[in-house]
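Below is one structure, written out as structure tokens; comments come after it.
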Amino acid sequence: HPINTAICSFGMSGWVFHAPFISTHPGFNFYGVWERTKNLAQEKYPAVKTFRTLEEMLADENIELVVVNTPNITHFDYAKKALLAGKHVVCEKPFTVEVSEAEELIAIAKENNLKLSVFQNRRYDSDYKTIKSVLDQKLLGNIVEAEFHFDRYKEEISPKAHKEVAMKGTGALYDLGSHLIDQALQLFGKPTAVFADIAIMRPVSQVDDYFKVCSILAVTECANSFFSYLHTEINILTLQFFTILHCFFSLTVCV
């Protein structure tokens with residue numbers, strides 16, 4: 005039978021990234037949503053059940069899968085509660101803000117024989133899938149360096165407080181960086197060393213809006229090291245475009 009699925013919020017991610025796919029996929033039934041005061045989900049999906057508290061939603065025995073799509077700092081707490089309630093969990097990136105939290109969630113899921121996964125939607129972006137196809141076909145020869153970019157010019161502060169307040173889990177590295185890090189790991193594997201520059205470029209910003217991560221993967225002791233550069237800068241003027249060169253590629257997403 006279709007998996008009865010509930011999501012933990014109906015903001016932008018619930019509206020755009022989750023509800024449309026859950027509601028149209030034959031393997032899932034969009035069963036419920038947690039909305040404290042509004043009924044936005046029910047207005048768009050009349051059959052969906054609205055819950056006013058997380059506890060009320062988790063107490064519903066019909067729910068099999070919970071999607072945690074709330075601010076980063078809440079991921080661990082909500083995912084843990086869902087697992088302990090016997091629900092399978094899909095959690096948005098970044099999975100948690102601390103490694104120890106991720107390890108605890110994994111242990112709980114294994115102990116209770118529950119599925120636990122991270123929602124990494126940009127694995128399905130056309131630019132990433134193109135690069136993966138090119139690499140899988142070995143069209144570029146020996147890769148020695150790769151660059152991954154999200155660059156844009158934006159001086160304004162986001163109206164979303166959970167993205168602009170200085171606390172654990174906020175900033176560009178946790179936001180866009182988690183996508184780039186995931187893509188680099190999927191394409192090239194775990195690095196042997198990592199270096200990073202993280203900074204605040206906009207004078208009014210409280211959180212990091214710039215990062216450059218360099219990961220090094222030494223294939224063998226005799227071979228040259230492979231470098232991947234993961235870079236985001238919100239406050240820039242130049243636009244760069246996607247290019248592929250022999251033995252080198254630059255993956256750039258302009259937003």
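Count along the sequence shown from 1, add 4, and you get the number used in my numbering. For each residue, glycine too, the CB sits at the ideal point set by N, CA and C.
Note down the Cα distance separating residue i from residue j, rounded to an integer number of angstroms.
i                 : j              : result
histidine 5       : glycine 31     : 7 Å
alanine 170       : glutamine 210  : 6 Å
histidine 22      : valine 70      : 11 Å
proline 50        : isoleucine 67  : 17 Å
aspartate 212     : threonine 174  : 8 Å
serine 17         : aspartate 140  : 31 Å
phenylalanine 14  : tyrosine 132   : 27 Å
threonine 9       : lysine 91      : 10 Å
aspartate 155     : histidine 183  : 14 Å
glutamate 65      : proline 75     : 25 Å
valine 20         : leucine 143    : 35 Å
serine 104        : tyrosine 214   : 25 Å
glycine 3         : isoleucine 220 : This structure cannot speak to residue 3, because the chain is shown only from 5 to 259.
alanine 227       : leucine 88     : Confidence at alanine 227 is low in this model, with a pLDDT of 43, below 50, so the placement of that residue is unreliable and no value is reported for it.
isoleucine 26     : tyrosine 35    : 9 Å
leucine 118       : threonine 100  : 18 Å
histidine 153     : alanine 63     : 42 Å
lysine 3          : glutamine 190  : The chain is shown from 5 up to 259; residue 3 falls before or after that span and cannot be answered.
phenylalanine 123 : cysteine 95    : 6 Å
isoleucine 204    : proline 163    : 18 Å
serine 130        : alanine 188    : 15 Å
alanine 111       : threonine 78   : 18 Å
valine 206        : asparagine 116 : In the sequence as presented, valine is not what sits at residue 206; that position holds arginine. One C-alpha to the other measures close to 45 Å.
valine 223        : leucine 109    : With a pLDDT of 47 at valine 223, under the threshold of 50, the modelled position of that residue is not reliable, and the figure given next carries that caveat. Between valine 223 and leucine 109, the C-alpha separation is close to 32 Å.
isoleucine 11     : proline 24     : 12 Å
aspartate 81      : glycine 145    : 45 Å
Just grab the DSSP bridge partners of residue i for me.
i              : result
leucine 69     : Thr9 and His92
asparagine 33  : Asn8
isoleucine 135 : Looking at the DSSP assignment, isoleucine 135 forms no beta bridge with any residue, so it has no partner.
threonine 54   : Val37
isoleucine 185 : DSSP lists no partner for isoleucine 185.
cysteine 123   : According to the sequence shown, residue 123 is phenylalanine rather than cysteine. According to DSSP, phenylalanine 123 bridges with Glu96.
Alpha carbons only, please: which of the options is nearest the one belonging to residue i?
i              : options                          : result
arginine 127   : Asp186, Phe192, Lys48 and Val138 : Asp186
lysine 97      : Ala203, Gly181 and Glu108        : Gly181
isoleucine 202 : Thr28, Ala176 and Leu189         : Ala176
valine 37      : Lys114, Thr28 and Glu47          : Glu47
alanine 200    : Val217, Leu189 and Pro207        : Val217
asparagine 125 : Val208, Val52, Asn73 and Val138  : Asn73
arginine 40    : Pro24, Glu60, Asn33 and Thr28    : Glu60
Report whether the distance from the Cβ of residue i to the nearest heavy atom of the ligand ADP is below 8 Å.
i             : result
isoleucine 26 : Although the ligand ADP was asked about, the structure shown includes no ligands whatsoever.
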